[in-house]
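K.L.:
Each step along the sequence shown adds one to the number in our numbering, with nothing skipped, and position 148 is 148.
Don't be surprised by glycine CBs; every beta carbon is placed ideally from N, CA and C.
Dropping the structure in here first, questions after.
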Amino acid sequence: NNKRRKATTNDTDQRSAPLRAWLGKISSSRSTNELQMGLKDFEDIDTKGRWWVTGAAWAGFGKHDASANKEQRNQQRENTRGAKENSERSLMDLAGQMRMNTQLRKQIFCVIMGANDYMDAYQKLVKLNLNGVQGREVSRVLVHCCGSEEAYNPYYGFLAAKLCDNHRTHKFTLQLVFWDLFKRWDNVKPRKATNLACMLSHLFTSFSMSLSILKVIEFETLEGSDSSVLFFFTLLRQLLKVED
Numbered sequence: 001n002n003k004r005r006k007a008t009t010n011d012t013d014q015r016s017a018p019l020r021a022w023l024g025k026i027s028s029s030r031s032t033n034e035l036q037m038g039l040k041d042f043e044d045i046d047t048k049g050r051w052w053v054t055g056a057a058w059a060g061f062g063k064h065d066a067s068a069n070k071e072q073r074n075q076q077r078e079n080t081r082g083a084k085e086n087s088e089r090s091l092m093d094l095a096g097q098m099r100m101n102t103q104l105r106k107q108i109f110c111v112i113m114g115a116n117d118y119m120d121a122y123q124k125l126v127k128l129n130l131n132g133v134q135g136r137e138v139s140r141v142l143v144h145c146c147g148s149e150e151a152y153n154p155y156y157g158f159l160a161a162k163l164c165d166n167h168r169t170h171k172f173t174l175q176l177v178f179w180d181l182f183k184r185w186d187n188v189k190p191r192k193a194t195n196l197a198c199m200l201s202h203l204f205t206s207f208s209m210s211l212s213i214l215k216v217i218e219f220e221t222l223e224g225s226d227s228s229v230l231f232f233f234t235l236l237r238q239l240l241k242v243e244d
């Protein structure tokens with residue numbers, strides 16, 4: 001009986017060995033062979049098919065996502081283009097309010113006021129390829145924008161210095177603009193006097209313009225002009241860095 005029971009056990013073990021081997025293989029490879037699908041895959045059967053079923057691959061799989069991504073990119077481009085157009089339109093309206101009475105001045109104004117920083121503005125101004133006469137408008141528009149700010153913005157000083165350092169025409173025109181300022185203090189508001197004094201101080205300290213620009217000033221004629229006093233007070237204060 002023992003021999004018969006042993007023979008039966010051996011025969012059973014031999015028949016079940018392939019089954020145990022197959023189950024062991026499944027158990028060992030379960031972590032790497034799990035189906036990568038979830039609830040959304042079942043919800044998207046109508047559009048993406050049963051991609052996990054062998055032989056049931058769907059030719060349109062992935063096209064829906066690609067189409068959606070393309071539409072999203074197109075929408076983003078349209079939004080960016082619309083925002084840019086709105087920005088340009090707003091700048092053109094502002095240029096009109098700032099009395100930029102020629103198309104060239106409006107174009108220069110939009111470049112200066114719409115730039116990301118002074119280097120961006122400088123590069124865009126260079127790309128305008130303005131001739132000598134047209135280039136003079138750059139300094140005039142720059143000074144006008146600087147003097148119109150509520151408070152001085154160092155951006156204008158850096159841009160003016162960059163123009164002076166690389167283009168003699170801009171430097172000379174900027175000197176002429178300041179000389180005109182020195183002759184007509186009555187029409188200069190305190191805000192403009194302060195801002196332009198800060199700009200000129202930046203040009204002096206960056207060695208982009210010489211102190212010789214002040215040689216045309218007749219200081220004895222400045223009495224009674226509040227704007228001129230404020231201008232030179234601010235200029236000297238910035239140069240000497242006097243703290244409050």
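On the DSSP letters alone, give me the boundaries of the alpha helix (DSSP H) that Ser148 sits inside.
P.N.:
Residues Gly132 to Ser148.
K.L.:
Return helix, strand or coil for Met199, following the three-state DSSP convention.
P.N.:
DSSP places Met199 in helix when its eight states are reduced to three.
K.L.:
Quick one: Cα of Gln238 to Cα of Cys198, how far?
P.N.:
Their backbone Cα atoms lie some 7 Å apart in a straight line.
K.L.:
Starting from Lys183, follow the alpha helix (DSSP H) in both directions and report where the run begins and ends.
P.N.:
Looking at the DSSP string, the run of the alpha helix (DSSP H) that includes Lys183 is Arg168 to Lys183.
K.L.:
Have a look at Ala151 and Asn195 and give me their C-alpha separation to the nearest angstrom.
P.N.:
The straight-line gap from Cα to Cα measures roughly 7 Å.
K.L.:
Which value, in whole angstroms, describes the spacing of the CA atoms of Ser90 and Ser201?
P.N.:
When rounded, the distance between both Cα atoms is 32 Å.
K.L.:
Mind checking Lys3: buried by the 16 CB within 10 Å criterion, or exposed?
P.N.:
At Lys3, the pLDDT of 47 sits below 50, so the modelled position is not reliable and the matter cannot be decided from this model.
K.L.:
Just how far apart, CA to CA, sit Asp117 and Tyr155?
P.N.:
Their backbone Cα atoms lie some 7 Å apart in a straight line.
K.L.:
Can you tell me which of Arg191, Leu230, Leu163 and Met119 puts its alpha carbon nearest to the alpha carbon of Arg136?
P.N.:
If we check each option's Cα against that of Arg136, Leu163 comes out closest.
K.L.:
Taking DSSP as the reference, what is the three-state secondary structure of Phe207?
P.N.:
It is coil, neither helix nor strand.
K.L.:
Would you mind reading off the limits of the alpha helix (DSSP H) that contains Thr234?
P.N.:
Taken as a continuous stretch (DSSP letters only), the alpha helix (DSSP H) holding Thr234 covers Asp226 to Leu240.
K.L.:
Can you tell me where the alpha helix (DSSP H) holding Arg105 begins and where it ends?
P.N.:
First-last of the alpha helix (DSSP H) with Arg105: Gln103 to Gly114.
K.L.:
Please work out which residues of its chain come closer than 6 Å, Cβ to Cβ, to Val143, disregarding the five sequence neighbours upstream and downstream, and give them in chain order.
P.N.:
Correct list, in chain order: Val177.
K.L.:
Go ahead and label Gly147 buried or exposed: buried means 16 or more other beta carbons lie within 10 angstroms of its beta carbon, across all protein chains shown.
P.N.:
Its Cβ being crowded by 16 or more others within 10 Å, Gly147 is buried.
K.L.:
Count the other C-beta atoms from every protein chain shown that fall within 10 angstroms of the C-beta of Phe231, then say buried if there are 16 or more, exposed otherwise.
P.N.:
The residue is buried, with at least 16 neighbouring Cβ atoms inside 10 Å.
K.L.:
Please list, in chain order, all residues of the same chain as Val242 whose beta carbon is under 6 Å from its beta carbon, the five residues on each side excluded.
P.N.:
With a pLDDT of only 49 at Val242, under 50, the local geometry of the prediction cannot be trusted, and no value is derived from it.
K.L.:
Would DSSP call Tyr152 helix, strand or coil?
P.N.:
Coil at Tyr152, not helix or strand.
K.L.:
Met173 to Ser139, Cα distance in whole Å?
P.N.:
The question names Met, but residue 173 in the sequence shown is Thr. C-alpha separation (whole angstroms): 6 Å.
K.L.:
Please go through the same chain and pick out, in chain order, the residues whose beta-carbon is closer than 7 Å to the beta-carbon of Glu149, but skip the five residues on each side of it.
P.N.:
Asn195.
K.L.:
According to DSSP, is Met100 helix, strand or coil?
P.N.:
Note: Met100 maps to coil in three-state DSSP.
K.L.:
Are the CB atoms of Met270 and Phe109 nearer to each other than 7 Å?
P.N.:
What is shown of the chain runs 1 to 244, which leaves residue 270 out entirely.
K.L.:
Looking only at C-alpha atoms, which of Val216, Lys215 and Leu203 sits nearest to Leu235?
P.N.:
Checking every option, the nearest Cα to that of Leu235 belongs to Leu203.
K.L.:
In this structure, does DSSP put Ile45 in helix, strand or coil?
P.N.:
In this structure, Ile45 counts as helix in the three-state DSSP scheme.
K.L.:
Mind checking which residues open and close the alpha helix (DSSP H) that includes Leu125?
P.N.:
Where Leu125 is concerned, the enclosing alpha helix (DSSP H) stretches over Tyr118 to Lys127.
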